[in-house]
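Trainee: Numbering (numbering that gives the first Met the number 0), first residue to last: 0 to 138. Think of the CB as a built atom: it goes at the ideal place given N, C-alpha and C, for glycine as much as any other residue. Owing to the predicted nature of the structure, the values given are computational and were not obtained by experimental measurement. Let me give you the structure first, and then I'll get to my questions.
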Amino acid sequence: MGLELPHPASRRHFFRQALAYVAGVPLAVLLVDMLRRVRAQQVAPPVAIPPDVAAGLSVVEGAIVHREGDGAIRAYSARCTHLGCRIDRVAGDEVICPCHGSRFRADGSVVNGPATRPLEPMRVERDPATGGWIARASP
Ligand code: FES
Numbered sequence: 000m001g002l003e004l005p006h007p008a009s010r011r012h013f014f015r016q017a018l019a020y021v022a023g024v025p026l027a028v029l030l031v032d033m034l035r036r037v038r039a040q041q042v043a044p045p046v047a048i049p050p051d052v053a054a055g056l057s058v059v060e061g062a063i064v065h066r067e068g069d070g071a072i073r074a075y076s077a078r079c080t081h082l083g084c085r086i087d088r089v090a091g092d093e094v095i096c097p098c099h100g101s102r103f104r105a106d107g108s109v110v111n112g113p114a115t116r117p118l119e120p121m122r123v124e125r126d127p128a129t130g131g132w133i134a135r136a137s138p
């Protein structure tokens with residue numbers, strides 16, 4: 000009794016499946032990367048933060064702004080990292096997404112999900128024209 004070779008049709012089927020897998024994985028990786036880049040290009044325009052922005056957390060246009068006790072300003076994108084809803088509410092020391100209830104701390108980290116990733120930090124620069132700041136999405 001010798002070794003039986005698979006039927007040529009099943010070998011063909013096997014190689015087609017293997018080729019589809021080998022070609023499919025890099026294509027999926029490319030597609031995910033493309034989607035990530037497209038999404039990154041859809042970032043909000045710069046946000047003007049007024050010089051008299053309140054201490055603590057506040058929502059200023061498309062940014063979550065945290066003015067610390069020493070006056071330092073930090074800003075995060077108001078786009079929720081779960082499914083991209085625009086966050087429009089703060090409560091005490093937390094930022095709350097209206098869509099599914101994710102909560103974030105003043106440093107952007109997640110308090111509770113469904114979001115698992117922290118809010119995206121924005122670059123903050125002084126705006127000499129207004130005395131306030133400009134927050135821009137980080138590249
Ligand atoms: S989009 Fe914000 S919690 Fe789902």
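In the DSSP output, which residue or residues are listed as bridge partners for residue 45?
Mentor: Here residue 45 corresponds to residue number 46 of the sequence shown, with the count starting at 1. Note: residue 45 sits in no beta bridge, so no partner.
Trainee: Determine the closest residue to residue 122 out of 27, 108, 47, 6, with distance taken between C-alpha atoms.
Mentor: By 1-based counting over the sequence shown, the position of residue 122 is 123. Cα-wise, what sits closest to residue 122 is 47.
Trainee: Tell me whether residue 114, by its Cβ, gets closer than 7 Å to a heavy atom of the ligand FES.
Mentor: Working through the sequence shown from its first residue, we reach residue 114 at position 115. Yes; taking the cut-off as 7 Å, the Cβ of residue 114 has a heavy atom of the ligand FES nearer than that.
Trainee: Any chance the CB of residue 101 is under 7 Å from a heavy atom of the ligand FES?
Mentor: Taking the sequence shown and counting its residues from 1, one reaches residue 101 at position 102. Residue 101 Cβ: within cutoff of the ligand FES.
Trainee: Measuring straight from C-alpha to C-alpha, what distance separates residue 31 and residue 23?
Mentor: Against the sequence shown, residue 31 aligns to sequence position 32. Against the sequence shown, residue 23 aligns to sequence position 24. About 12 Å.
Trainee: Over what stretch of residues does the beta strand (DSSP E) that includes residue 124 continue unbroken?
Mentor: Position 125 of the sequence shown, counting from 1, holds the residue named residue 124. Its beta strand (DSSP E) spans residues 120–126.
Trainee: What would DSSP say about residue 19, mapped onto helix, strand or coil?
Mentor: As a first step, residue 19 must be located in the sequence shown, where it is residue number 20. Three-state result, residue 19: helix.
Trainee: Residue 97 and residue 104 - do their beta-carbons sit closer together than 8 Å?
Mentor: By 1-based counting over the sequence shown, the position of residue 104 is 105. By 1-based counting over the sequence shown, the position of residue 97 is 98. Not closer than 8 Å, so no.
Trainee: Taking DSSP as the reference, what is the three-state secondary structure of residue 89?
Mentor: Your numbering for residue 89 matches position 90 in the sequence shown. Residue state, collapsed to three classes: strand.
Trainee: If you count every other CB in all the chains shown that lies within 10 Å of the CB of residue 29, and 16 or more means buried, which is it?
Mentor: Counting from one through the sequence shown, the residue named residue 29 turns up at place 30. Per the 10 Å Cβ criterion, exposed.
Trainee: Would you report the Cα separation of residue 115 and residue 109, rounded to the nearest angstrom?
Mentor: If you number the sequence shown from 1, residue 115 lands on position 116. If you number the sequence shown from 1, residue 109 lands on position 110. Approximately 6 Å, taken between the alpha carbons.
Trainee: What whole-angstrom Cβ distance do residue 134 and residue 74 have, given they're in contact under 8 Å?
Mentor: Working through the sequence shown from its first residue, we reach residue 134 at position 135. Working through the sequence shown from its first residue, we reach residue 74 at position 75. That pair is a contact at about 4 Å.
Trainee: Which ranges does the beta strand (DSSP E) cover as unbroken runs of at least 3 residues, wholly within the region 52–104, from first to last along the chain?
Mentor: Entirely contained in the region 52–104, the beta strand (DSSP E) runs reaching 3 residues are, in chain order, 55–59, 62–66, 72–76, 88–90, 93–95, 102–104.
Trainee: For the ligand FES, I want to know if residue 82 counts as a neighbour, meaning its beta carbon is within less than 7 Å of at least one of the ligand's heavy atoms.
Mentor: Position 83 of the sequence shown holds residue 82. The answer is yes for residue 82.
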